[in-house]
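Reminder that position 59 of the sequence shown reads as 341 in our numbering, one-by-one numbering, no gaps.
In this text, a Cβ means the ideal position worked out from N, Cα and C, and glycines have one as well.
Scroll down for the structure; my scribbles are underneath it.
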Amino acid sequence: MNQNLMSLGEHYFFSPRPGEASPGFQTIERDMSFTWASQPRLSRSPAMQFTGPGADTIQVEGKLFPHLFGGLKTLDALRETGEAGKQLMLARYYVLSNPTQYVGERIGKFVMTRLRRRELKIGGDGLPMYMEFSLELQKYGDDPAEEFSFT
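Structure representation (structure tokens):
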């Protein structure tokens, strides 16, 4: 049974299994910034005032082995989603001690800003033996009054 590890909109990232056309990922890197404004003060050093969260970027990297799992169309589907220019709900799933139970974390709404694809060990049929991908996501900027949904 495949274990769903992450979802981005209607794209699911599973633990790699033979015969599955879904991407497996190896690393997730999150870079969050916070913005501060300098406020000058009379006869004193400037004070810093927090103005809110800054950019929130996530990079997902992984590999596909088209002949075994993560078919050739997988990255094409992600590319088409990126070209549609829509915000997508990003969620992570963690397997509990019982492999049929999960706990989920809604990370928030993100947009796809970049998809990199690298094909390696091209065979005689022109198909790669494996592919590496990198997916860059940027936080959309949720409105606090908005309810989260997986749409």
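Opening and closing residue of the alpha helix (DSSP H) in which K355 lies: K355 to A366
Measuring only the C-alpha atoms, how far is L370 from K391? Each residue's Cα considered, the two are about 5 Å apart.
For Q308, I'd like the list of residues in its chain whose CB is within less than 7 Å of its CB, leaving aside the five on either flank, ordered along the chain. Sequence-distant Cβ neighbours of Q308 in its own chain, meaning closer than 7 Å and more than five residues away, are E343, G344 and K345.
Going straight from the alpha carbon of L397 to that of Y412, what length do you get? Rounded to whole angstroms, L397 to Y412 spans 16 Å at the Cα level.
Burial state of F295 (16 or more Cβ within 10 Å): buried
Bridge partner(s) assigned by DSSP for Q341: E311 and E418
I need the DSSP call for L451, collapsed to helix, strand or coil. As shown, the chain starts at 283 and ends at 433. That puts residue 451 outside it, with no answer to give.
Distance between F347 and I404 (C-alpha atoms, nearest Å): 12 Å
From this set, S289, H293, I340 and E387, which residue's C-alpha is nearest D358's C-alpha? H293
Name the one or two DSSP bridge partners that S320 has. M330
Identify whether G291 lies in helix, strand or coil by the three-state DSSP scheme. coil
Residues in the same chain with beta-carbon distance under 6 Å from D313, minus the five sequence neighbours each way, listed in chain order, please. Result list for D313: T339, in chain order.
Nearest neighbour of G334, chosen from S327, F316 and R400 [CA to CA]: F316
Which residues share a DSSP beta bridge with I404? P410
What residue range is occupied by the uninterrupted beta strand (DSSP E) comprising L372? First-last of the beta strand (DSSP E) with L372: L370 to V377.
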